[in-house]
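Student: So that we are looking at the same thing, I have put the structure below in structure tokens.
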Amino acid sequence: MTRRQCTGEYKVKPIKKKVRELLGYPYPVRIPKGVFVEQWVGISTDEFHRAKDADVKYMRNRHPLLDMSWSRADCVRYLTSLGLADTPKSSCLGCPFHGNAQWRHIRDTSPSEWANVVEFDAAIRQGNARANASGSRLLGEAFLHRSRVPLSEAPIDHVTAAERAALQPELGDADVLENGVEDGCSPWACRGDADALTQDDFGLAT
Ligand code: SF4
Numbered sequence: 000m001t002r003r004q005c006t007g008e009y010k011v012k013p014i015k016k017k018v019r020e021l022l023g024y025p026y027p028v029r030i031p032k033g034v035f036v037e038q039w040v041g042i043s044t045d046e047f048h049r050a051k052d053a054d055v056k057y058m059r060n061r062h063p064l065l066d067m068s069w070s071r072a073d074c075v076r077y078l079t080s081l082g083l084a085d086t087p088k089s090s091c092l093g094c095p096f097h098g099n100a101q102w103r104h105i106r107d108t109s110p111s112e113w114a115n116v117v118e119f120d121a122a123i124r125q126g127n128a129r130a131n132a133s134g135s136r137l138l139g140e141a142f143l144h145r146s147r148v149p150l151s152e153a154p155i156d157h158v159t160a161a162e163r164a165a166l167q168p169e170l171g172d173a174d175v176l177e178n179g180v181e182d183g184c185s186p187w188a189c190r191g192d193a194d195a196l197t198q199d200d201f202g203l204a205t
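In numbering that gives the first Met the number 0, the protein residues as written are 0 to 205.
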């Protein structure tokens, strides 16, 4: 299994940089004791185990949905009442944890974003030494889709209702393949930490 760096590199680091800037203590200036920002993170009751403290003293995480005892269903009900029923899970456009439904949604509703992720997928094939945790070259090839097929050719229409029914005993894996990991992604709760990804529907190690 490869080490995930996306949340740390592209969310947590930039947020810390911005917070320091907003506080008036850009790196490497020392932040005085007792100076901090309060950051609200949207973790619902069904994923309370993902609620974490920030790892620095100048940021304190609050979890308002937990304070209100709101589940994901409560959030959906509330968004529906505002006419926002289609609000998607939070995630990056080219997240490798997307399921087929999310890939199809991008392909079928946003041609420019689809072209963007297809191009991105092709560009990461050989990896980038600087992006690896150890700084060493990628062994093998990188793909966004779990089939290890270029996204433009990947079987994103693969799981039909009939196939899902036939796969009932392995519905857990099939569901992840279709819908992606259940969680959204936020800086202190990376969706890539989901256990469901340790094995995939193609029988390949992740
Ligand atoms: S949404 Fe996906 S790609 Fe983006 S930070 Fe989270 S795990 Fe990484």
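Every residue, glycine too, gets a C-beta built ideally from N, C-alpha and C.
Starting from the C-beta of D156, find all residues in its chain whose C-beta is less than 8 Å away, skip the five residues before and the five after it, and write them out in chain order.
Tutor: N99 and R103
Student: Let's test the definition: count the other Cβ atoms within 10 Å of the Cβ of H62 and tell me whether it reaches 16, buried, or not, exposed.
Tutor: It counts as buried.
Student: Indicate whether P186 and V11 have their beta-carbon atoms separated by less than 7 Å.
Tutor: Contact: yes.
Student: Have a look at P110, P87 and S111 and flag the residue whose alpha-carbon is nearest the alpha-carbon of Q101.
Tutor: P87
Student: Given the structure, does R103 come close to the ligand SF4, in the sense that its CB is under 6 Å from one of the ligand's heavy atoms?
Tutor: no
Student: Counting pairs of Cβ atoms below 8 Å between the region 38-55 and the region 101-121, do you hit three or more?
Tutor: The region 38-55 makes no contact with the region 101-121: fewer than 3 CB pairs, one atom from each, lie closer than 8 Å.
Student: Alpha carbon to alpha carbon, what distance is there between K16 and Y26?
Tutor: 7 Å
Student: Among D73, F142 and G179, which residue has its Cα nearest to the Cα of G41?
Tutor: Ranking D73, F142 and G179 by Cα distance to G41 puts D73 first.
Student: Counting only runs of 3+ residues fully inside the region 46-114, write out the beta strand (DSSP E) ranges in chain order.
Tutor: DSSP runs (the beta strand (DSSP E)) wholly in the region 46-114: 58-61.
Student: Check this for me: beta carbons of L143 and G93, under 7 Å apart or not?
Tutor: yes
Student: Given S70, which residues of its chain have a CB within under 8 Å of its CB, disregarding the five upstream and five downstream residues?
Tutor: Scanning its chain for C-beta atoms nearer than 8 Å, with the 5 sequence neighbours on each side dropped, one finds around S70 the residues S43, T44 and D45, in chain order.
Student: Could you tell me if the beta carbon of F119 falls within a distance shorter than 6 Å of some heavy atom in the ligand SF4?
Tutor: Flag unset: Cβ of F119 not near the ligand SF4.
Student: Express the C-alpha separation of G191 and D182 in angstroms, rounding to a whole number.
Tutor: So the two alpha carbons sit approximately 9 Å from each other.
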